[in-house]
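Residue numbers (the numbering used here): 462 to 1028.
Cβ coordinates follow ideal geometry from the N, Cα and C atoms, glycine included.
All values derive from a computational prediction rather than experimental measurement.
Reviewing the structure listed below.
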C-alpha cells in the first residue's frame, strides 16, 4: 500500500471521528426529547396522525407497529411502480414496472437494502423515484435508528415494561436527524456538480455525429439520503460511478463520509445513553480496527493486479503514466485507492452504493466486500442496524466469557439469561441460514443457474454475493448475475424481508427482556466491558462467528478462483 492510500484512509478516519462525536451528542438529545421546542412541534403532528405520543409501548407493540409500518411502505412503493404510467412527473413516459420487479424493489427499499435489478434512468419516473424510493430511504433509515435506541433503552431502564413510543421515535429520527443532514448534504453535492432538476431527458449529438440521450432528474436530493441512510439505491444504473451522481474526488469523499457518519455517531449516542462514554469507545474501536483491516486488504489486492497479466509480461506497476494494478471496472477519476476504499465502506455499512464494478475486482479483492457483509454488517453497519448488531455480538462475547470463567454473564448491569441468549442466537443465525439456503437453492435449479454469466467458481461467487447482499440488507452486487428474473426477484425479496424483520423482532424482544430486569451493581466478579481485553474479545467473537458461518462457501468461490489464477 502506497502513501496515497494511507493518507486517504487516515484522513477519512480523522474527519469521520471529528464529525461523528458532536452528531452523537445531538442524536442523544433528540431521541430522548431533551429539546423543548422540538417536542412542541412533534406533539400536534402526532395527534393529528392519531398517534398517542405519551404511551410507553412494550416490545411486542413496538415490534408490531414497525412491521405494519413497513408493510404499508411495501404496498405504497409497489403501487407507485405499477401505476407510474398514469401518474404525473414522468416526462419520459416510463411504463408500469413488471409485478415481480416491482415487488422486489418495494421490499428492497423498505428494508433499507436498495437492491436494484433494473436500470433507474430507464425504468423509474421522477415521482416514483421521489415519492416512492427516496421517501423509503428516509423511513427505512429511521426504522434502524429507532430499533437501536429501543435496545439501548433496554439496557438503561430497569423493572420497566416499555421501550418508548415508536411513532415519536420515528418522527424524531426523520424530522430532526435525517432531514436536516440530508438537506445540507444535498446542497454540498449540488455544489460538486450532482444534478438536481425536473427536465425531460436531453438528446445531444456526440463528436462522432451520433445521437445520445442524457438522463436528467432530481438526483442530488436522492443521493444525499441514499448515502446518509446507508441505503445505496442509485438514481442511475451506474450508481455512484455515474458522473451525475458522483462527479469529483471531493464528492466521492463526501459520499463515503456520509455512509459512515450516523453509524459512527450512534456509538457515541450509545455511550451517553448508558452513562458511560467508554462503552461507546469500545464499540467504535472494534469497528475502526475491522474497517481499516478491510480497507488495507482491498487496496493491497487491487494494487497487486492480475497474476495472469504478469505471466503475459504486462507491466502493472504504478508509474507517472499509468495507475498500475487492477483498474478494470474502475473510474479513472477515482482510481484504485478511492475505489477500494469506497467498496470497503459501502459493504461495511450495508449501504450498497458502488463507484466501481465489484465483479471486476481480483478474487481476493472482491472477497473483502463479501466478507464485510458476512460478518453481519456490524463494522459500522447500516444506520442503527450496525450498532444493534454489534451489541448482539457484545452480549454473545460476555456470554462466552462467562462460560470460560464459570460466572453468570452480565452486560451493562443486566444479567444475561436463557431467553436473552435465545434471541441473540436467532439474530446471529437467521442471516447465514437465508444466505446459505438461498445460494443452495439458486445453484440447484435451472432458474437460478441460467442467470450466471460466468461459469465456475466466479459464477458461484456471483450467486453467493447476491444472497449475502440481500439477506444482510446491503444491496450491492458483483454485477455479472442477471437477477431481474421472476426467480431471483422473489428469492431475493424473501431474503431481504426476513433478513430485516427477522432480525428486528428478536432484537426488540431482547430489549424488552432487558428493560424488565433490575440493574445490578458492579461487583468484584463483573467483567469490564470498556477496556482492551473486552475490545479483543468482542473482535474475536465477531470474526469467529461471522467467518465460521461462511468458510465453506468462501472456499468454493473466491478462494478457489484465486488459486486458479495463481496456478
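Minimum C-alpha distance to residue i - residue among the options
i	options	result
residue 840	634, 628 and 1007	1007
residue 790	574, 815, 647 and 613	815
residue 691	659, 724 and 682	724
residue 809	799, 785, 979 and 835	835
residue 580	697, 644, 485 and 541	697
residue 678	483, 699, 550 and 940	550
residue 959	574, 926, 813 and 537	574
residue 469	627, 778 and 756	756
residue 715	694, 741 and 685	685
residue 584	556, 567 and 592	556
residue 873	898, 1003 and 991	991
residue 618	979, 984, 993 and 998	979
residue 663	710, 802 and 675	675
residue 484	807, 946 and 719	719
residue 661	586, 650, 571 and 927	586
residue 918	774, 963 and 820	820
residue 567	740, 589 and 628	589
residue 510	728, 774, 916 and 632	632
residue 894	801, 665, 600 and 1009	1009
CB contact flag (residue i, residue j, <7 angstroms)
i	j	result
residue 844	residue 528	no
residue 848	residue 609	yes
residue 795	residue 713	yes
residue 884	residue 744	no
residue 763	residue 787	yes
residue 514	residue 626	yes
residue 603	residue 634	yes
residue 975	residue 875	yes
residue 957	residue 569	yes
residue 860	residue 870	yes
residue 642	residue 594	no
residue 925	residue 946	no
Residue i burial status per 10 Å Cβ neighbour count (16 or more: buried)
i	result
residue 949	buried
residue 867	exposed
residue 546	exposed
residue 824	buried
residue 781	exposed
residue 907	exposed
residue 637	buried
residue 488	buried
residue 475	exposed
residue 669	exposed
residue 888	buried
residue 524	buried
residue 770	exposed
residue 501	exposed
residue 508	exposed
residue 598	buried
residue 914	exposed
residue 938	buried
residue 463	exposed
Three-way DSSP call (helix, strand, coil) for residue i in this model
i	result
residue 663	strand
residue 916	coil
residue 595	helix
residue 872	strand
residue 911	coil
residue 655	coil
residue 553	coil
residue 484	helix
residue 548	coil
residue 942	strand
residue 514	coil
residue 823	coil
residue 1007	helix
residue 470	helix
residue 618	coil
residue 844	coil
residue 839	coil
residue 489	helix
residue 500	helix
residue 777	coil
residue 811	coil
residue 740	helix
residue 967	helix
Bridge partner(s) assigned by DSSP for residue i
i	result
residue 978	Beta-bridge pairing links residue 978 to no other residue.
residue 817	791
residue 672	666
residue 679	657
Residue i beta carbon near the ligand PLP (any heavy atom closer than 6 angstroms)
i	result
residue 778	Although the ligand PLP was asked about, the structure shown includes no ligands whatsoever.
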